[in-house]
Amino acid sequence: MKLPKGISDLLHETGQLSSFVVRFFKEGFKPRYEWEELFKQAFINGYKSLPLVGITAFIMGLVLTVQSRPTLAEFGATSWLPAMIAISIVREIGPVITALICAGKIGSSIGAELGSMKVTEQIDAMEVSGTNPFKFLVVTRVLSIAFMLPILVILADLIAIYACYIGVNFKDVVSWKLFYNKVFNSLEYSDFIPALVKSFFFGLTIGLVGCFKGYNSQKEQKELDMLQILL
Amino acid sequence: MSNTKSNNIKLGFFVMSGLIVLVITLYMIGSKRSVFSKTIEISAVFHNVNGLMPGHNVRYGGIDIGTVQKIIFESDSAITVKMIIEKKMAPYIKKNAIASIGTDGLMGNKLVNINSLPAPSSPIEKGDVLLSLRPVESDEMIRTLNKTNDNLAAITSDLKGLVQRFNKNNNLITLISDSAVVENLRQSIQSINSATNNIDNFTKDINNITKDVQNGKGVLGKLIADSISENQLAILLTNLQQFSDSLNEATNNINQFSGLLVNGQGTVQALLTDTIMKNDFNETLNQLKKSSFLLEEDLKALQKNFLFRKYFRQKEKRK
């Protein structure tokens, strides 16, 4: 039985991705660990993403507050604004928006970088020289994103909640102490912990997909151009 | 090399700041849920928990002092709500405090309210079971509201009929809008008010008099309270009876006399009944009147006579 090309391509890619994920877990837990490269990647993927994530989080918190206020004001429930925004940011919007930003910025950059290395045969050269390119290039990048994304989410939540405080004070006068009491009264561990766990897996997925796409790229200049445009 | 070190410092700062925020946030959330403070566990048994869940707040005097720890089904009509409350708040909560399930605001989360009673009692201890108040159920409220709506519909229907009757006939409106009527009404009310005050005063006076009489004050009081006065009163009543009898006898005599006058044969009876005699009597009286007039004239003439003039002047002077 001959499958249609689209379906067979999809199945082929899924199989490749699955074996890539399995290889990641196999290689990832085996010594020797590339600490230096891991820190370097963490710096690039985490620290350098903070300005973009921070600005997005600030705008997100501010806009969400300003846009939600009129509806709540109709019910005379503007005092619920800090709690509502805090819960929505911490539970869902913070991790998802941060993950999207990182997917756009880090995922594409990893894909382009590894793809470029692949087509210029740098990865092959590493293999020849006895270095494990998968461990050095893929594991470090994926782990760095997986560990940096929760930290980025925490800082993004903090920045978004502060933006919410500014947004609330556009029309109302709410002291920082009252605002922070309202926020922490509404938050539970069940809001915060799952969001962090979720963002870890988001990071893992972004790293794996980005690395898979770059690591398995073909020598087609078109693909490389596309990836570099995204950079 | 130095670039790598600088990058690592920046990365370290970034990670540390993230971890610090994480720790602070976890601590803040935990402290609001009494995770890091010393707590004691108490419980209350409810018939219906109305959607209360573990993690909801426990409030005492409007302050959040703990959280709901566990909700356990004891039987089909008893649900035990286990709560952890801050140990430092325990001395303020009495054993006779009552737990009830309420809502934070109109639409907020469910919570357990602990209300203290004024009666003295010792502070709660670990494992105490508080008395509970049956929560107001929304279904029950809606049923009551439904009944109220029905009553309201009946009342508005009656009101509508009443207003229609008023609209058909302008007499009442005219009466209400007439300022004279209002003024009269006001005066009437003032008069009623004044009369009521008078009645009130009168009642007070009567009350005072009654009290005085009961206390033996005054004539009546003495009469009632004093046995000597009572005897005197008996004597007085006997005398009064005798006087009444005498008066009765006198009345009978007068009746007999008047009977004789009317039915008897004497001159008086003739004067009363015989018209001829009556006329003669009248004529005699007229003649007497004329004679007395003439006599008076003669006497006046006599006074002016020189023989008697002196005597009458002396008499005038003596006056």
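Residue numbers (the working numbering), protein chains in the order written: chain A, 20 to 250; chain B, 158 to 476. C-beta: ideal position from N, C-alpha, C; glycine also. As the structure is a computational prediction, the values presented were derived from the model and not from experiment.
query                                                                                                                                                                                                   : result
Starting from ASN204 (chain A), find everything on chain B with Cβ-Cβ shorter than 8 Å and list it in chain order.                                                                                      : LYS189 and ASP221
If you check the beta carbons only, do ILE104 (chain A) and LEU179 (chain B) fall under 9 Å apart?                                                                                                      : no
Please report whether the beta-carbon of LEU100 (chain A) lies at a distance below 9 Å from any beta-carbon of chain B.                                                                                 : no
Can the beta-carbon of LYS245 (chain B) be found closer than 9 Å to that of SER194 (chain B)?                                                                                                           : yes
Less than 9 Å separating the beta-carbons of SER163 (chain A) and GLN60 (chain A)?                                                                                                                      : yes
In the DSSP assignment, the alpha helix (DSSP H) including PHE203 (chain B) goes from what residue to what residue?                                                                                     : That residue, PHE203 (chain B), is in no alpha helix (DSSP H); its beta strand (DSSP E) goes 196-203.
Please report the straight-line C-alpha distance between VAL158 (chain A) and LEU57 (chain A), rounded to a whole angstrom.                                                                             : 8 Å
Using DSSP with H/G/I as helix, E/B as strand and the rest coil, what is GLY507 (chain B)?                                                                                                              : Chain B is shown from 158 up to 476; residue 507 (chain B) falls before or after that span and cannot be answered.
Near MET434 (chain B), which residues of its chain fall below 7 Å by C-beta distance, leaving aside the five closest residues on each side in sequence?                                                 : ALA427 and LEU428
Name the residues in the stretch 175-204 of chain B whose C-beta lies less than 9 Å from a C-beta of chain A; which are they?                                                                           : GLY175, LEU176, VAL178, LEU179, THR182, LEU183, MET185, ILE186, GLY187, SER188, LYS189, ARG190 and VAL192
In three-state DSSP terms, what is GLU55 (chain A)?                                                                                                                                                     : helix
Is there a C-beta anywhere in chain A that falls below 9 Å from the one on VAL225 (chain B)?                                                                                                            : no
So which residues on chain B does ALA61 (chain A) lean against when the C-beta distance must stay under 8 Å?                                                                                            : LEU168 and VAL172
Give the straight-line distance between the Cα atoms of LEU390 (chain B) and LYS361 (chain B), rounded to the nearest whole angstrom.                                                                   : 28 Å
Am I right that LYS137 (chain A) and TYR234 (chain A) are in contact with their C-beta atoms under 8 Å? What's the rounded C-beta distance?                                                             : 6 Å
Between A:THR150, A:PHE77 and A:VAL161, which has its C-alpha nearest VAL40 (chain A)'s C-alpha?                                                                                                        : A:VAL161
Which residue from B:GLN471, B:SER232, B:LYS252 and B:ILE241 puts its Cα closest to that of HIS204 (chain B)?                                                                                           : B:SER232
Straight-line CA distance for ASN164 (chain B) to GLU53 (chain A)?                                                                                                                                      : 17 Å
The stretch 155-180 of chain A: which residues have C-beta closer than 7 Å to a C-beta of chain B, in chain order?                                                                                      : ILE170, ILE173, LEU174 and LEU177
Among all the DSSP beta bridges, which residues are the ones paired with TYR505 (chain B)?                                                                                                              : As displayed, chain B neither begins before 158 nor continues past 476, which places residue 505 (chain B) out of reach and without an answer.
Can you give me, in chain order, the residues of the stretch 206-238 of chain A that have a beta carbon less than 9 Å from any beta carbon in chain B?                                                  : LEU206, GLU207, TYR208, SER209, ASP210, PHE211, ILE212 and LEU215
Would you say LEU69 (chain A) faces chain B, with C-beta separation under 9 Å as the test?                                                                                                              : yes
Which value, in whole angstroms, describes the spacing of the CA atoms of GLU294 (chain B) and THR237 (chain B)?                                                                                        : 18 Å
Who are the Cβ neighbours of GLN413 (chain B) in its own chain at under 6 Å, not counting the five residues just before and after it?                                                                   : none
Using 8 Å as the threshold, is the stretch 170-178 of chain B in touch with the stretch 204-212 of chain A, meaning 3 or more CB pairs across them?                                                     : no
Hey, ALA478 (chain B) and VAL202 (chain B) are a contact pair by Cβ (cut 8 Å); roughly how many whole angstroms apart?                                                                                  : One cannot answer for residue 478 (chain B) here, as it falls past the ends of chain B, which runs 158 to 476.
If you compare alpha carbons, which of A:ILE106, A:LEU177, A:ILE112 and A:ARG42 is closest to LEU69 (chain A)?                                                                                          : A:LEU177
Spell out the partners DSSP gives VAL147 (chain A) in its beta bridges.                                                                                                                                 : VAL147 (chain A) is not bridged to any residue.
For LEU81 (chain A), which residues in the same chain have their Cβ closer than 6 Å to its Cβ, ignoring the five residues on either side in sequence?                                                   : ALA182 and GLY186
Does the stretch 207-217 of chain B come into contact with the stretch 266-273 of chain B, if we say contact requires no fewer than three beta-carbon pairs (one atom in each stretch) closer than 8 Å? : yes
Between TYR66 (chain A) and chain B, is there a C-beta pair that is closer than 9 Å?                                                                                                                    : yes
Less than 9 Å between the beta carbons of ILE108 (chain A) and ILE173 (chain A), yes or no?                                                                                                             : no
Helix or strand or just coil, what does DSSP make of THR260 (chain B)?                                                                                                                                  : strand
Might you give, ordered along the chain, the residues of its own chain that have their beta carbon closer than 7 Å to the beta carbon of LEU329 (chain B), omitting 5 neighbours on each side?          : PHE323
CA-CA distance, ASP28 (chain A) and LEU100 (chain A)?                                                                                                                                                   : 48 Å
Looking at the secondary structure, which residues open and close the alpha helix (DSSP H) in which VAL192 (chain B) lies?                                                                              : From DSSP, VAL192 (chain B) is part of no alpha helix (DSSP H); its letter is neither H nor E.
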